[in-house]
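Worksheet: one structure, shown below.
Numbering (my numbering), first residue to last: 147 to 477.
Quick look at the structure:
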């Protein structure tokens, strides 16, 4: 009888040990599911000095994380809302990258977050552009309209307005062309051009440039030298990460010689969180800044064809866009 009692007590004690050890292990390895929302700007454009349209879109995400007890995860997703299960409760360092259709990394973001039974979701902002790309702009002009001393002034600015070094190579004066090339960090830039003949500016252009990782942004820019024409063209170029579309109206629609003309820029389909007042709109005539912080410009142009460039910018990454207008005034 005593042996039976001792055996029963021993078995009960072993059961308690197993119970408490099991509870301790469960407490140490408690897990939860993290629901991670990835947010990033759109990388879209329509044309001009950008890579292909499909390369501007983020099509997939690569996500890695390191947490308690050196637990890690590594996964790919084509969704912006990702559920990651069986993660140890505690602090996690998470890095996410947005990739385009060629699996080139476009943008990156990181997050340190506490995963618990209470906090099981987080938002990771992809807000750092990644890598370098190349600018290749072919500049052309009509050789019959310039002197043999023709020269080109080219200035390149980043989105913050800082001057970037850009070397203008020797011009091919016989063909009337030159190629501007430079490796740049991913982002948006402003290219300003002035063509001189006999030390006088005869043409100018201002364009927005979008650079992405591992790609070439290229286009041909024609330097128009004013001539009399019965037509003018309006072209809005959205070569930014967020396509800011708009329209330009002219008043009067058919200007007469010596008449005052007003150009007005109106954005179309702005995102809900962006108002017209948030945009920085600048007007250039023949490459010269003539109006800042205004959606309209008024002047009395001289006879001939004049190039007007409208530059639209916002504080968000890659938001710079440009529009070009050729306005013809009769004699």
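Glycine residues also receive a C-beta, built at the ideal position from the N, C-alpha and C atoms.
Practice problem: Determine the direct distance from the alpha carbon of residue 248 to that of residue 472, and round the result to whole angstroms. | Solution: By 1-based counting over the chain shown, the position of residue 472 is 326. By 1-based counting over the chain shown, the position of residue 248 is 102. Going from the Cα of residue 472 to the Cα of residue 248 covers about 37 Å.
Exercise. Note the first and the last residue of the continuous beta strand (DSSP E) segment covering residue 442.
Key: If you number the chain shown from 1, residue 442 lands on position 296. Run containing residue 442: 442-445, per the beta strand (DSSP E) assignment.
Exercise. Consult DSSP for residue 435 and reduce its assignment to one of helix, strand or coil.
Key: One-based indexing of the chain shown puts residue 435 at position 289. Reduced to three states, the DSSP call for residue 435 is strand.
Quiz prompt | CB contact below 8 Å: residue 437 versus chain C | solution = The structure shown contains no chain C; it holds only a single protein chain.
Practice problem: Give the DSSP-derived three-state secondary structure of residue 316 in the structure shown. | Solution: One-based indexing of the chain shown puts residue 316 at position 170. Three-state result, residue 316: coil.
Self-check item: Host beta strand (DSSP E) of residue 203 (start-end)
Solution: Start at 1 with the first residue of the chain shown, and residue 203 comes out as number 57. Looking at the DSSP string, residue 203 is not in any beta strand (DSSP E), and its letter there is neither H nor E.
Quiz item: Apart from the five residues on each side of it in sequence, which residues of its chain come closer than 6 Å, Cβ to Cβ, to residue 291?
Solution: Counting from one through the chain shown, the residue named residue 291 turns up at place 145. 371.
Quiz item: If we ignore side chains and look at the alpha-carbon of each, how far apart do residue 465 and residue 306 end up?
Solution: The residue you call residue 465 lines up with position 319 of the chain shown. The residue you call residue 306 lines up with position 160 of the chain shown. Straight-line Cα distance between these residues: approximately 11 Å.
Quiz item: Any heavy atom of the ligand NAP closer than 7 Å to the CB of residue 423?
Solution: For the structure depicted, the ligand NAP is absent and the ligand set is empty, with no information on it obtainable.
Quiz item: How about residue 328 and residue 299: are their beta carbons less than 8 Å apart?
Solution: Translated into the one-based positions of the chain shown, residue 328 becomes position 182. Translated into the one-based positions of the chain shown, residue 299 becomes position 153. Cβ atoms of residue 328 and residue 299: not closer than 8 Å.
Quiz item: With burial defined as no fewer than 16 other Cβ atoms inside 10 Å of the residue's Cβ, what is the status of residue 363: buried or exposed?
Solution: Working through the chain shown from its first residue, we reach residue 363 at position 217. Under this definition residue 363 is a buried residue.
Practice problem: Using beta-carbon positions only, say whether residue 270 and residue 242 come within less than 8 Å of one another. | Solution: As a working note, residue 270 is residue 124 in the chain shown. As a working note, residue 242 is residue 96 in the chain shown. Closer than 8 Å, so yes.
Quiz item: Are there 16 or more other CB atoms within 10 angstroms of the CB of residue 359, so buried, or fewer, so exposed?
Solution: Position 213 of the chain shown, counting from 1, holds the residue named residue 359. Under this definition residue 359 is a buried residue.
Exercise. Note down, in chain order, each residue of its chain lying with its Cβ closer than 6 Å to the Cβ of residue 476, except the 5 sequence neighbours on either side.
Key: The residue you call residue 476 lines up with position 330 of the chain shown. Taken in chain order, the residues that qualify are 403.
Exercise. Measure how close the beta-carbons of residue 422 and residue 409 come, nearest whole angstrom, since I'm counting them as under 8 Å.
Key: The residue labelled residue 422 in the question sits at position 276 within the chain shown. The residue labelled residue 409 in the question sits at position 263 within the chain shown. About 16 Å; that fails the 8 Å criterion.
Quiz prompt | Classification of residue 352 by the beta-carbon crowding that lies within 10 angstroms, buried from 16 upward | solution = Looking up residue 352 in the chain shown gives position 206. Classification for residue 352: buried.
Practice problem: Can you give me the Cβ contacts of residue 443 inside the same chain, cut-off strictly under 6 Å, excluding the 5 residues immediately before and after it? | Solution: Translated into the one-based positions of the chain shown, residue 443 becomes position 297. Cβ within range, chain order: 409, 429, 437.
Quiz item: Does the Cβ of residue 435 have 16 or more other Cβ atoms within 10 Å, making it buried, or fewer, making it exposed?
Solution: The count along the chain shown starts at 1 and reaches residue 435 at position 289. With fewer than 16 Cβ atoms within 10 Å of its Cβ, residue 435 is classed as exposed.
Self-check item: Range of the contiguous beta strand (DSSP E) that encloses residue 280
Solution: The residue you call residue 280 lines up with position 134 of the chain shown. Taken as a continuous stretch (DSSP letters only), the beta strand (DSSP E) holding residue 280 covers 278-286.
Self-check item: Alpha-carbon spacing of residue 432 relative to residue 338, whole angstroms
Solution: On the chain shown, residue 432 is found 286 positions in, with the first residue counted as 1. On the chain shown, residue 338 is found 192 positions in, with the first residue counted as 1. Spanning the two alpha carbons is a distance of roughly 10 Å.
Self-check item: For residue 227 and residue 480, believed in contact at Cβ under 8 Å, the rounded distance
Solution: Because the chain here runs from 147 to 477, residue 480 falls outside it and cannot be looked at.
Quiz prompt | C-alpha gap between residue 209 and residue 254, whole angstroms | solution = The sequence position of residue 209 within the chain shown is 63, counting from 1. The sequence position of residue 254 within the chain shown is 108, counting from 1. Approximately 10 Å, taken between the alpha carbons.
Quiz item: Rounded to the nearest angstrom, how far is the Cβ of residue 325 from that of residue 297, given a contact under 8 Å?
Solution: By 1-based counting over the chain shown, the position of residue 325 is 179. By 1-based counting over the chain shown, the position of residue 297 is 151. At roughly 16 Å, the Cβ-Cβ gap does not stay under 8 Å, so residue 325 and residue 297 are not in contact.
Quiz prompt | Residue from 417, 441, 418 with nearest C-alpha to residue 427 | solution = Sequence index remark: in the chain shown, residue 427 carries index 281 (1-based). Nearest of 417, 441, 418 to residue 427, Cα basis: 441.
Quiz prompt | residue 347, buried or exposed, once every other Cβ within 10 Å from all chains shown has been counted against 16 | solution = As a first step, residue 347 is located in the chain shown; it is residue number 201 there, counting from the start. It counts as exposed.
Quiz prompt | Identity of the residue in 419, 311, 289, 350 nearest residue 317 by Cα | solution = Along the chain shown, read from residue 1 onward, the residue named residue 317 stands at position 171. It is 289 whose Cα lies nearest to the Cα of residue 317.
Self-check item: Member of 399, 357, 405, 368 whose CA lies at the smallest distance from the CA of residue 453
Solution: For the purposes of this step, residue 453 is identified with residue 307 of the chain shown, where counting begins at 1. Here the closest residue by C-alpha is 368.
Quiz item: Going along the chain, which residues of its own chain have a beta-carbon closer than 6 Å to the beta-carbon of residue 461, five neighbours each way excluded?
Solution: The residue given as residue 461 occupies position 315 in the chain shown. Correct list: empty, nothing qualifies.
Practice problem: List the DSSP bridge partners of residue 300. | Solution: The residue given as residue 300 occupies position 154 in the chain shown. The partner list for residue 300 (beta bridge, DSSP) reads 339.
Quiz item: Would you call residue 322 buried or exposed, if buried means 16 or more other Cβ atoms sit within 10 Å of its Cβ?
Solution: Along the chain shown, read from residue 1 onward, the residue named residue 322 stands at position 176. Buried.
Quiz item: Which term fits residue 361, buried or exposed, when burial requires 16 or more other beta carbons within 10 angstroms of its beta carbon?
Solution: Here residue 361 refers to the residue found at position 215 when the chain shown is read from its first residue. Looking at its Cβ environment, which holds 16 or more other Cβ atoms inside 10 Å, residue 361 is buried.
Practice problem: Give the secondary structure of residue 291 by DSSP, where H, G and I count as helix, E and B as strand, and everything else as coil. | Solution: For the purposes of this step, residue 291 is taken as residue 145 along the chain shown, with counting starting at 1. Looking at residue 291 - three-state DSSP - the assignment turns out to be helix.
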